[in-house]
Each structure stands twice: as C-alpha cells, then as structure tokens.
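According to our numbering, the stretch in the sequence shown is residues 434 to 1121, in order.
Backbone N, C-alpha and C define an ideal beta-carbon position, used for all residues, glycine too.
Beneath this line is the structure, given in structure tokens, with notes to follow.
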Amino acid sequence: MTIARIQPLTTTRRLSGPFDYLLPPEPVGVGSVVTVPFGRQRLDGVVVDLAGASDVAPEKLVRPTAVRADSVPADLVELALWMAAEYCSTPARALSLVLPPRGRERTRLWAERTAEPLDGQRLTDNQRALLERLPGPAGPDVAALRRLEGRGLVAVGPRAQRRIPRTNAAPDRAVELTAEQAAALEGVRAGGEHLLHGVTGSGKTEVYLRACADSLERGRGVIVLVPEIALTPQTVSRFQARFGDTVALLHSALGEGERYDEWRRLRAGEARIAVGPRSAVFAPVADLGLVVVDEEHDASFKHEGDPRYDARLVAAERARRAGATLLAGTATPRPETFHALPRLRLAGRVDSRPLPPVRVLDMRGAGHPLHPLTRRALAASAKSIVLLNRRGWSNFLTCRSCGKVWECPHCAVALVLHRAEGAIACHHCGHRERVPDRCDGCGSLAVARYGAGTERIEAELREALDVPVFRLDADTAGFKDAAGDLLARFQAAPAGLLLGTQMVAKGHDFPDVTLGVVLDADSTLRFPDFRAEERTFALIAQLAGRAGRGPAGGRVLVQTAAPDAPAIEAAARHDSDGFLAGELERRRALRYPPFADLIRVVASAEAAEPARAAAAAVARAVGSATGERTEVLGPASLFRLRGRERWQAVVKTTERAAAVAATGAAVEHAARDRALRAVSFSVDVDPQ
Ligand code: ADP
Ligand code: ZN
Ligand code: ZN
C-alpha cells in the first residue's frame, strides 16, 4: 500500500472526497486522524482506505503533515460513512462525530521502592516514614524522594492519572428476578433485536444489568444509551454500582480531561461498558455484544445537528454490523419500535404494586390554572411531582386596545414572559427584551398576559403550599450539574414538590412520591404534528409512572381541556397496548411512519425567494427521480427562524433507500448551483 485515501473534515456540501495522499512516515491505517495540506489550508482528515495506486499524477501527491496518536476504530469509520449516506449528509460531517476527543493524559510523579535498604545504609526517621508510604504520588516529597532515588532505593517517574467523572454513588442491590424479568432475560439471551416493553417500575434496569453481565462474561463489550445523563443519574449509578470501573461515562457535561480519559479507557479495553446519551452510540467499544437503549421513546435520541441522526437507528445498525444484541426498553414504545421489534413484556410492577389510579379533570371553562381538586390533593400530599410542559410566566403578551402580539424580531413566534428576569424571551433563538410597560403600537397601558408557564405556577404553589418547591426546566437546569443537584435535593427532602417541564417525567425512581399532576395535558396535542398523540400519551404515562412506586402507593391527576382525546383516555387507563393499536391503525390509514418514511428538506436564506426556489428545485428533482411509491409535498413556507426565511419540501415514501438517494443527490446538485449560493440546506431523514 502506498496511498492513503483521506476524507478532509470540511463542513461544506460542495466538496466530496476522499482524496489521495502519499503515506506519511508514521504507520497509518483506516481510522488514523491526520493533518493534511488542502489547497491553501491545512485540515484535519480521517484515513478511510488504503490503496496500492492512485489516479492522480505522482508529482501532484503530497503527504499528511501530522498523525494523531489516537485513532478511530475502523468499524466506526464504516458506520460514519453509512450514516452520511443514510442521512443525506457528508462523510466529513459524519466522521467528525466519531473522532477521538482532543486531549492528552494527565500524569503526575509517582514513586516506588526498588530495593530494600542494606544494613549499612543509614536512614533518618523521616526517610523511613517516607519509604513506608510508598508506592504513591511523589507530591511535596519529591526532593526527598529524588535523594532516595540517588541511593538506589526508589524510582520516581511520571504515571498516568485518571480524571474520574463525578457521579452519585449508590449501593448495589442484589435482587432475585421476578418470573417476568427472568423470561425477558431468556429472550435477550437468544440474541437479535428486542423491545423490552415494561410498565413503569417493572424492573427494566435489572434486566439490562443482567444482560450486560452476560455479555461481559462472553468477553464482549456493551453500550448503554440513556436520555440526558443529568436527568437520569439513577440509571448511571446502578451500572456503576454493579460493574465499577468497567463502566465509562461519556457525556457532554464532562470536563475535557475526563472525557478524554473515559474515551481512552474504552479504546484500550480497560473499560468495557460505555454509558451515555445519544453520542455514546459512537463509543469505541471493541467486540460489541450488546447495545441497550433505555427509554427508547425519548426525543433526545434524535440529533438536531447535521447529520440529523437518530441514535436508536444508528444503535440498531451498529449492533447488526457487530453481531450484537439490541435491547430497546420503555414503558411507552414508539409506534415505529412496537411495529418493528419483537417484544418482551413486563406487564406488572415489581412486588405486584398497582399502577396509580389516574383521574382526568375537565378544565374547559376553568378560570384558574389549578383545579380545586388539584389544590386539595397537593395540600394533602407530602411529596408530589407536577408537570407543565411550558416554561416562563405566560405564553404571550398582547395589547388589549390594538391587539398587538409581541413577537421575536428574528423568528415569527410570540415572545414568552419571564417575570423574574424582567424579560420577554424567544424560546427558539434566545432573543430577549425588557418587559414592555406600554404598547409601542398605540401607547395603551393595557398589556395582557395569557396562559401559565412553570414560573407562574411555581409562584402560585409557593404561596399555596407549605412544602419546598423545586422547579426543573431549561431555565433552572441551564448550567452544569444544576439538574442533578436539584433532583438530589428533591429526593432527600422529606416533603417537597418537584415542578417542571417534561424533564420531571424522565425515568426517576422516587419511591416516596405519592401524587403526580399533569397540567394542561393537551398542550402537546395542539402541535400540528403526526406525533402529537404519541408524545402526549408518553408524557402522561411517564409522569404517572413516577407516582406510587413505594409501599404508600399513589395517584395521578390530569388536567385537560380535551378530556376525550384518545391519547389522554388511554394514558389514564395505563393502556399502552390499546393506544398503540389505535395509533398504528391511524398511521396506516394516513400513510405515516412506520408505514412510510418521511424526509424533510429545509432550504433557508435571508431572503424568501432563493429559499423557495431551492426547495422547489429539490422537490422537482426528487419527484422526477423517483417512482409512484414516493410522493413529494411542497414547497411550503415555514415560520422565519433566527432571521432566516425557510421553505421546506417533504418526501413521503415506501421506497426508503431510493428516496434517500434521490434526495441526497438533489440537495447536492442544488448546493452546487451558483444561483442558489445564498441558500443553506438541511435534510432530515425521519424528522421528529
Ligand atoms: P423501570 O426501569 O422498569 O421503571 P426500575 O428498574 O427502576 O423499573 O425498578 C424499580 C425498582 O424496583 C427499583 O428500585 C429496583 O431496584 C427494584 N427492583 C427491580 N427488580 C427487582 C426485583 N426482581 N426484586 C425486587 N426489587 C426489584
Ligand atoms: Zn396597542
Ligand atoms: Zn427568535
């Protein structure tokens, strides 16, 4: 081999590699990370292939100028290239997701005894004490140790020191599997892909842990994907409690050094279990035997950057390529997963605890955000969780005289009042301005506030209740560790109320919570999205799953202006089978996933016309390149976002591979069109 095929890591769509380079003096292979001269720039690049010869004239070939010590495992290079095609992205963008993190090992001076002192060697008491404490870090004794080193008694040298991520320690609990858990584990042992559909509190985590132990025993590694780590610290601590240092944690809140060390431990095989959010699907675990996706319904598994990958799908692909078992677990499966994967069922909670009764409260015509029964129940319960999926104080401000609605100047959406900050803010781009005291349109002082968000409910609850209120939403959980600390304080408090957005409905296990409340349960139903029903069902069922997990039992109240909506009725009955059956029927009738695949192309520009023209060009090209099993909808305009006009085309198909290829080609062609220079494209396969 004399040629390395290298993909330079640029973000532009207008360039497609790989390009040929001569081999550098250092050994390289597929996955080596290099620096290459590229035109007048120097770029990072990844070796994607080695070859014996090149079509490029020999005098035009150059060598990489540097090779990094850490490389990408070859199977992850393959996975990234697959991902680039599957998500209509570029190899460069997909490869940047699997790169080793930047960093280097931290070392410190370490001292060890090398020989016993001979009878004639006289030592002071201090020196004897020093020898006694070895081996250990040199620390402040380095000068004294160096002197002992000179006498041949000690060796002092650098030694790698692992930076250990902070986690909540939890003791491991040895439990005996229930009959349902044992049966599920048998199913997992057979290999292949499985949906673990277990009601909240049915002990799914214990099944993951046992499956994990099995895999390790066979000498094979494991990846465990969880929704955001900060919101699911309990799952992580259970893995650490059982498997100790074999577990490496990979998440974005780690310090750079910690992330580097955890990645290295996996790459070197010192750690065999990677636990983390969606990006952990790219963990460098060799000999993969098992991939677990916990809370598979969670929206955080979809990546919003480019490539817009879905970690659940990438996990399945990676497992397939590695011959590993896939285990996706949840109490509220997505219709897609339910339809695609054979199911292992945990129908009951451990200890046969009943699921909490759910009461739906009709809020049509109510004048206050809290129903009287909700107020009474909250006053009577020591520990409760309240979900309201909207942050801020009120939804929007409007002028009572002229009807003006305060909108974001960059996005065509209403600004939300954040009273404590004295600001109205855009939840899309973060734009903020001061709360107006009068209308700048007509001068009126009558500015009305509509709707209630978590900030306002917090104020009301603090006034009405004697217990401490913990608010968990993007405004209070913004900085590192904040969410984890808040959840830990709520857990430790003998009495308290946890209030927040969907963050409070994640897989928390607080056995002393006896009341769950959902406010404005139909808010998610009002989204113009075919997944609105699924989201609403999952949110209510998950919140209900947080209540009554202990011996004291519990109950759930659901406030809604749509008490008859099927998603809400089914959630109140804890009937996920019924919900899924109805939802799949509806999806089949409307030809929505899983009965068809969707691809969304968004063209954006500062001006509307080029964006529209670009979306139209893509729609036309896809339409003419595909057959009757593919339908192209649009172009349609979207609301302006971050100062950019947006137009979209949606491809609906039952011929996924052909439609993905046609869309990828159409976008690539449009991106190269000089007339559309001002336009950026974003392609979303399986949009959420
Ligand atoms: P899920 O993830 O299905 O909601 P968890 O895994 O959080 O459920 O389990 C709920 C609780 O039951 C946890 O406190 C767990 O330690 C406990 N548990 C799990 N399996 C068993 C078992 N076989 N026997 C006793 N307790 C169990
Ligand atoms: Zn006005
Ligand atoms: Zn905005």
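Next on the checklist: Which of the three DSSP states is assigned to Cys645 in this structure?
Outcome noted: Reading the sequence shown from its first residue, position 212 is the one you call residue 645. In this structure, Cys645 counts as helix in the three-state DSSP scheme.
Checklist entry - Which residues, in chain order, sit with a beta-carbon under 6 angstroms away from any heavy atom of ligand 3? => result Cys841, His843, Cys844, Cys859, His861, Cys862 and His864
Tyr693 in three-state terms, based on DSSP: Reading the sequence shown from its first residue, position 260 is the one you call residue 693. Reduced to three states, the DSSP call for Tyr693 is helix.
| Selected residue, minimal CA-CA separation from Ala615, among Ala603, Gly636, Pro598 and Ile597 | Translated into positions along the sequence shown, residue 615 becomes position 182. Answer by Cα proximity: Gly636.
Item to check | Sequence-distant residues of its chain with Cβ nearer than 8 angstroms to Val1122 (five each side left out) | outcome: The first residue shown for the chain is 434 and the last is 1121, placing residue 1122 beyond what the model contains.
Legend entry - Near ligand 2: Cys835 beta-carbon under 7 angstroms from a heavy atom: Position 402 of the sequence shown, counting from 1, holds the residue named residue 835. It does: the Cβ of Cys835 is within 7 angstroms (strictly closer) of some heavy atom of ligand 2.
message: Considering only DSSP beta bridges, list what Ala858 is partnered with.
response: Counting from one through the sequence shown, the residue named residue 858 turns up at place 425. Answer is Val849 and Arg865.
Self-check item: Other residues of its chain near Ala1000: CB distance less than 6 angstroms, five sequence neighbours each side excluded
Solution: Within the sequence shown, the letter at position 567 stands for residue 1000. Excluding sequence neighbours, Ala1000 sits near Glu966, Thr969 and Phe970.
Only counting the same chain, and skipping five residues up and downstream in sequence, which positions put a Cβ closer than 7 angstroms to that of Gly1015? Stepping through the sequence shown from its first residue, residue 1015 is reached at position 582. Around Gly1015: Pro999.
So, does the region 1013 to 1033 touch the region 1084 to 1094, judging by three or more C-beta pairs under 8 angstroms? yes
* **As assigned by DSSP and simplified to three states, the class of Leu990** => As a working note, residue 990 is residue 557 in the sequence shown. Reduced to three states, the DSSP call for Leu990 is strand.
Task: Cα-Cα separation between Leu948 and Ala1005, rounded to whole angstroms - done: Position 515 of the sequence shown, counted from the start, is the residue given in the question as residue 948. Position 572 of the sequence shown, counted from the start, is the residue given in the question as residue 1005. Using only the alpha carbons, I get a separation of about 14 angstroms.
| When every heavy atom of ligand 1 is checked, does at least one fall within less than 7 angstroms of the C-beta of Arg606? | In the sequence shown, counting from the first residue as 1, residue 606 sits at position 173. Yes, ligand 1 has a heavy atom inside 7 angstroms of this Cβ.
At a threshold of 7 angstroms, does Ser635 count as lining ligand 1 (C-beta to nearest heavy atom)? Within the sequence shown, numbered from 1, the residue matching residue 635 stands at position 202. Yes.
- Query: For the alpha helix (DSSP H) that Ala513 lies in, which residues bound it at each end?
  - Reply: For the purposes of this step, residue 513 is taken as residue 80 along the sequence shown, with counting starting at 1. Here the alpha helix (DSSP H) through Ala513 covers Ala507 to Glu519.
(message) Using CA atoms only, rank isn't needed, just tell me which of Tyr1025, Phe672 and Val991 is closest to His772.
(response) If you number the sequence shown from 1, residue 772 lands on position 339. Ranking Tyr1025, Phe672 and Val991 by Cα distance to His772 puts Tyr1025 first.
query: Name the DSSP bridge partner or partners of Ser1037?
result: Indexing the sequence shown from 1 puts residue 1037 at position 604. Arg1079 and Ser1113.
Enclosing beta strand (DSSP E) for Ile706 [first to last residue]: Here residue 706 corresponds to residue number 273 of the sequence shown, with the count starting at 1. Ile706 to Gly709 is the extent of the beta strand (DSSP E) around Ile706.
Original post:
Considering only C-alpha positions, which residue in the set Leu848, Phe734 and Pro787 is nearest to Phe829?
Top reply: Against the sequence shown, residue 829 aligns to sequence position 396. Checked all of Leu848, Phe734 and Pro787; the closest Cα to Phe829 is Leu848.
Worksheet item: On the three-state DSSP scale, how would you describe Phe1072?
Response: Numbered from 1 along the sequence shown, position 639 holds the residue referred to as residue 1072. Here Phe1072 sits in strand by DSSP.
- Counting pairs of beta carbons, one from the region 970 to 985 and one from the region 943 to 958, are three or more of them closer than 8 angstroms? yes
Have a look at Asp488, Ser487, Ala1036 and Thr443 and flag the residue whose alpha-carbon is nearest the alpha-carbon of Thr468. Translated into the one-based positions of the sequence shown, residue 468 becomes position 35. Considering only alpha carbons, the answer is Thr443.
Considering only residues of the same chain and omitting the five flanking positions on each side of Asp906, which have a CB-CB separation below 8 angstroms?
Against the sequence shown, residue 906 aligns to sequence position 473. Excluding sequence neighbours, Asp906 sits near Arg824, Thr887, Gly933, Thr934 and Met936.
| When you compare only the Cα positions, how much space is there between Ser727 and Val587? | Residue mapping note: residue 727 aligns to position 294 of the sequence shown, counting from 1. Residue mapping note: residue 587 aligns to position 154 of the sequence shown, counting from 1. Checking the displayed sequence, the identity of residue 727 turns out to be Asp instead of Ser. Distance between the alpha carbons of Asp727 and Val587 is about 50 angstroms.
Open item on the list: Tell me which residue opens and which closes the alpha helix (DSSP H) that Arg1021 is part of.
Closed with: As a working mapping, residue 1021 is identified with position 588 in the sequence shown. Taken as a continuous stretch (DSSP letters only), the alpha helix (DSSP H) holding Arg1021 covers Ser1009 to Leu1023.
Determine the DSSP secondary structure at Gln975, reduced to helix, strand or coil. Stepping through the sequence shown from its first residue, residue 975 is reached at position 542. Correct three-state label for Gln975: helix.
- prompt: Where are the alpha helix (DSSP H) runs, 4 residues long or more, that stay fully inside the region 760 to 840, in chain order?
  reply: 768 to 773 and 805 to 813
* Decide if Asn822 is buried, meaning its Cβ has at least 16 other Cβ atoms within 10 Å, or exposed. => Indexing the sequence shown from 1 puts residue 822 at position 389. So Asn822 ends up on the buried side.
With three or more C-beta pairs closer than 8 angstroms as the rule, is the region 1085 to 1102 touching the region 519 to 533? yes
Query raised in the report: Helix, strand or coil for Thr668 per DSSP?
Result: The residue labelled residue 668 in the question sits at position 235 within the sequence shown. Thr668: helix per DSSP, three-state reduction.
Could you give the distance in angstroms between the alpha-carbon of Ala892 and the alpha-carbon of Arg904? Residue numbering aside, residue 892 sits at position 459 when the sequence shown is read from its first letter. Residue numbering aside, residue 904 sits at position 471 when the sequence shown is read from its first letter. Their backbone Cα atoms lie some 10 angstroms apart in a straight line.
Kindly indicate the opening and closing residues of the alpha helix (DSSP H) around Val1093.
The residue you call residue 1093 lines up with position 660 of the sequence shown. Start and end: Arg1089 to Arg1105.
Report task. Compute the distance between the beta-carbons of Ala603 and Ala513, then report whether it is under 8 angstroms. Result -> Reading the sequence shown from its first residue, position 170 is the one you call residue 603. Reading the sequence shown from its first residue, position 80 is the one you call residue 513. No, Cβ-Cβ distance for Ala603 and Ala513 is not below 8 angstroms.
Exercise for review: Rank His941, Cys875 and Gly624 by C-alpha distance to the C-alpha of Phe923 and give the top, closest one.
Suggested key: Along the sequence shown, read from residue 1 onward, the residue named residue 923 stands at position 490. Cα-wise, what sits closest to Phe923 is His941.
Grouping DSSP H, G and I as helix and E and B as strand, with all else coil, what is Asp918?
Translated into positions along the sequence shown, residue 918 becomes position 485. In the structure shown, Asp918 sits in a helix (DSSP, three-state: H, G or I).
query: Distance, Cα to Cα, Arg882 vs Glu854?
result: The residue you call residue 882 lines up with position 449 of the sequence shown. The residue you call residue 854 lines up with position 421 of the sequence shown. If you take the alpha carbons of Arg882 and Glu854, they lie about 16 angstroms apart.
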